[in-house]
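For the sequence shown, this note's numbering gives the first residue as 7, with consecutive numbering after it. Inspection log for the structure reproduced underneath, given as structure tokens.
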Amino acid sequence: MLLFGSVDAKPDFPKQEEQTLKYWEQNKVFEKSIEQRDEDSAYTFYDGPPFITGYPHYGNLLVSIAKDIVPRFFTMKGKRVRRVWGWDCHGLPIENKVEVKLGLKNRRDITDFGINNFIGECQKYVEKVSSEWKWYVDHIGRWVDFSNAYRTMDLDYMESLIWVFKQLYDKGLIYKGVRTSLYCTRCGTPISNFEIAMDNCYKEMEDPGITVKFKTQLQDKEVNLLAWTTTPWTLPSNRALVVDNKENYVLVTISGDQEQYVIAEKRVESVLSGYDYKVVDIFTGKELVGLGYQSPYNYFPPNDKDYKIYTYQEMVNMDEGTGIVHSAPGFGDIDTEMGKDLGLSIMFSVDEEGKFVGEVDKWAGVYVKEADPLIIRDLRERNLLFREDTVVHRYPYCYRCETPLIHRAQDSWFINVQDLKKKLLKSNESINWVPEHFKYGRFKKGVELAPDWCISRTRYWATAMPVWECGNCGKRVVAGSIKEIEELSGQRVNNLHRNGLDHITFECSQCRGEMKRVSEVLDCWMESGSMPYAERHYPFENKEEFDKSFPADFIVEYTGQVRAWFYVMHVVSNALYNTHCFKNVVVTGVMKGTDGRKMSKSYGNYPDPRVTIEKYGGDALRLYLMSSPVMMGREVNMTHGEEIEAKVKTVSLILWNSYRYFVTYANIFKLTAEQLNNLVVDQLGSFSALDRWVISQLYRFIRDFEKAMEEYNIPGAVNLIQPFVNNLSTWYIRRSRDRFLAGEEAAFKILHHVLKQSILAIAPAMPFLTEEIYQNLRLDSEPESIHLCDWPKVEDDLIDEELVQKMETVRVIVEQGHSARREAGVKVRQPLPKITVICHKDDQVDGELLELVKDELNIKEVQFELDGDRDAGIEIALDIRMSDNLILEGMARDIIRAIQDLRKNTGYQRSAKIEVYWISDSSRVRDVFSVHGTEIGERVLARRISNERKEKVDQETTIKLQDEEVWVGVCLD
Ligand SMILES: [Zn+2]
Ligand SMILES: [Zn+2]
């Protein structure tokens, strides 16, 4: 007969988890958990790959755990949940790491180092860092196929990407054009606005705010149009001034100044505050439109549209500046749009490193931000500066190198998002967002405001754009597969990075000129957006699997991805298939440091993740993170560790101790798993109210957990665990102690059943501890891991809601009774005559529940006073008048307790019969033994109780009872 394995009184959870990891690995439990499910019941989850830039932080661990709990749950529900890790390998973050390592400062350094060498270094870096993640992924209990991880730098992945590019190109959704975008001058590349939005890359920055004079002739007089700018470096590229044709403009003179100035009427007061000025004339903006003016700089010959006053859309506002706007097409979204609309010349006066080109001879080669003071000085010397201020404003910076970004026009490739918008909004309707507000909030608004997506980058570590152009006739060929490139060029292709494609040229089919690849690479966000196809090398392989699993059932990432990864995936799937590509999306909030600031090594405001996991274990971290409001998109400060420790104490240890209690007593009574396993639930009707109550609690717990998980309300599910284990331990087990001590098989069966069923439901949240318990409780015939089991079936007819409700009332009465006892200073062992409960008739309890109240409170009588008008709430009155009999009874209980302590201290077998000796000169003590002696004897398993002193006892004590004393000794014979 096999008993249960003994259970540690002081469990070392991290150590146990280490063993469980080994067990899973040796028995390939993860692999089995997938393979045992039917291929036709696929549940698809997309792993939004992290950038490989160092060790994982709490944000990575948070989503990683969410990416585990949901797949584990659906696996138990019978789904086949493929889980493959992904690595985001390309793009600036990695390039920057490698640049730092090699001491390369800008693009020129990279070209000198050699593009081929640079790409090789990036690859090496990715391989080194990725191996360092495995420890973390394992120890948070995340099951994922790490060894077959997809990597965006793999040939297969990149081939799918160029396929996506070609599909979109052929549909006319990709165009090349001059557009302004945010641009990093150090990295030499455009940055998309969603990359900035993702990590909120704005800083407070101080810039000059200057008011500049633009000379013009107005009614045969020379006057100055005043325009305000915070980017003096754009003045050499000025092409137009813009006014609001619906506003009034005034001509003013200033005392002591010969010149006259034009300014918007609404702006006069604030721009000229402190000046003694006089308005001498007034015009409408409309009257100014079409007027020519002299620009301060003339480095580029104007066309016939340049240097005129225009009115354009909403470009002018009356909240700042002068009401006259200086416009430099090429350096600002709207400026460039306006330039195109009005036929102005668009300026390319700044090179890729942010320096003025040769035409701007005064400052050629000077970095634009450094040119600002030089230009201001030049304006002042030429009497073209009206006034100079500084402004502090929020300014975007590069999320990798922290260089302030500029708006810069360049010839780039775009996905035409405007044409897709209707579809993007419509298919968003089919997505379940958790929390829901993202659906119509941030995501929808992001789509509505989205500019066209600039997908070309002038960088190196990325998929090369598969476009060849004829230098002679301009013919363009787009390749969508390796085979196509090979057929076009007659050359073997085994690398789609620049160093694999740049040298590939072929003859133009139209003019026999030379076709060369364009120099751009693809935005790495396009790789992330194409992940559903590329991770499976679709459509070159896995067509059938892809069809079965698209759109995905579930994705999860932090809020920053709402306008980033979620958005780009949505754009690509709508562009390809007119549909959304994920059905359920969970958006987590951001984990901040313990002090509410961004987590940062230099602030020291978060505990080291590895140390935390080693100290508390993976389950504890899972409980802490998954029960947190951060899982519902809220911002949360990281704990120093106390809150993780609290999860160990209030959940893990409570569950553990209940389990340990069960095993300890089941072994004492030699009850085996086989014996206890056949709980016949049909007979439950004849079981005690407490038994039926705990079974109701069990199935409510499983039902509610399941419902919350199916709604992707992860904290809603995980937060059910603590009250459940607490009810089990502090109510069911505690109230049933006598039955367990007496070896009552029915009670053991119930507890065994409740433990086994509940750990099934807890398993997705706490995969380690539940496995540990399961291994000891399971039958040999049952699956070798809890994670190979099915989700427990909810027995609805075993849920007695009325009983649950009544038990709630019992617990309220008991709680109030105990606190009344505490206030009166009467300990629980002292019986009391009566408690009066004032309540509504629905709250009245009787039968077993009434006995429960009496027993728990150690009270002889419970009297209900029903109050029909009472809505809710219960009041009690405790009668603390003690008769002599009750006092004797209380003393008897004290004596029983003291003898049981002696038994325990002596280390007697639980079933050993003992002898008890006692001496007292108090007549009341003698009364206690004469009235309650039999009961005392039964309770402490005494063979004999003697009123005498024995010299050699095993253990002795003097018990103080009210005003009297009694000496007691125990021995075995
Ligand atoms: Zn940068
Ligand atoms: Zn040609």
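Glycine residues also receive a C-beta, built at the ideal position from the N, C-alpha and C atoms.
Asked, Found
"Proximity of I216 and E394 at Cβ, strictly below 8 Å", "yes"
"Whole-angstrom distance between D357 and S555, CA atom to CA atom", "46 Å"
"E358: first and last residue of the uninterrupted alpha helix (DSSP H) it sits in", "Element bounds for E358: n/a, residue is neither H nor E."
"Sequence-ordered residues whose beta carbon comes within less than 6 Å of a heavy atom of ligand 2", "C476, N478, C479, K481, C514, Q516, C517, G519"
"Run of the beta strand (DSSP E) containing Q836, from where it starts to where it stops", "Here Q836 belongs to no beta strand (DSSP E), and DSSP marks it neither H nor E."
"Spatial neighbours of R980 in its chain, beta-carbon cut-off 6 Å, leaving aside the 5 residues before and after", "Only positions 7 to 979 of the chain appear in this structure, which leaves residue 980 out of reach."
"Helix, strand or coil at N230 according to DSSP, with G and I counted as helix", "strand"
"Residues that P196 bridges to, as DSSP identifies them", "Y189"
"Residue of A679, D325, D151, L348 minimising C-alpha distance to Y316", "L348"
"Inter-residue Cα distance where the pair is F675 and G566", "57 Å"
"beta-carbon C193 near ligand 1 non-hydrogen atom, thresh 7 Å", "yes"
"E212 to Y401 span [Cα, whole Å]", "9 Å"
"Sub-8 Å separation of G602 and N663 beta-carbons", "no"
"Neighbourhood of P789 by C-beta distance below 6 Å, restricted to the same chain and skipping five residues each side", "C795"
"Presumed contact (8 Å Cβ cut-off) between Y49 and F10, rounded CB distance", "Actually they do not touch by this definition, with Cβ atoms about 35 Å apart."
"Beta-carbon gap between L704 and S764 smaller than 8 Å", "yes"
"C-alpha gap between R504 and Y405, whole angstroms", "24 Å"
"D529 in three-state terms, based on DSSP", "coil"
"Buried or exposed (CB count within 10 angstroms, at least 16 for buried), W141", "exposed"
"Residue interval of the beta strand (DSSP E) (run including K5)", "Only positions 7 to 979 of the chain appear in this structure, which leaves residue 5 out of reach."
"Coil, strand or helix - M772 by DSSP", "coil"
"Cβ-based neighbour list, K38, same chain, cut-off 7 Å, excluding 5 preceding and 5 following", "L794"
"Cross-strand partners of C476 (DSSP beta bridge)", "M521"
"Endpoints, beta strand (DSSP E) assigned at P77", "First-last for P77: 64-82, but that is the alpha helix (DSSP H), not the beta strand (DSSP E)."
"Residue range of the unbroken beta strand (DSSP E) whose run includes I882", "881-885"
"Buried versus exposed call for D53 [16 or more other C-beta atoms within 10 Å across all chains shown]", "buried"
"In chain order, each alpha helix (DSSP H) run of at least 4 residues that lies wholly inside the stretch 433-459", "450-455"
"CA nearest to the CA of D384, picked from E31, K219, D425", "K219"
"Any non-hydrogen atom of ligand 1 within 7 Å of T409 CB", "yes"
"Stretch pair the stretch 543-552 + the stretch 492-504: three plus CB contacts closer than 8 Å", "no"
"Heavy atom of ligand 1 within 7 Å of C530 beta-carbon", "no"
"Cβ-heavy atom distance, R393 to ligand 4, below 7 Å", "This structure simply doesn't include ligand 4; it includes ligand 1 and ligand 2 instead."
"Boundaries (first-last residue) of the alpha helix (DSSP H) holding I819", "807-830"
"Element boundaries [alpha helix (DSSP H), containing V374]", "374-387"
"Environment of A468 [buried if 16+ CB atoms lie within 10 Å]", "buried"
"Exposed unless 16 or more other CB atoms sit within 10 angstroms - verdict on D1", "The question about residue 1 has no answer here: the residues shown for the chain are numbered 7 through 979."
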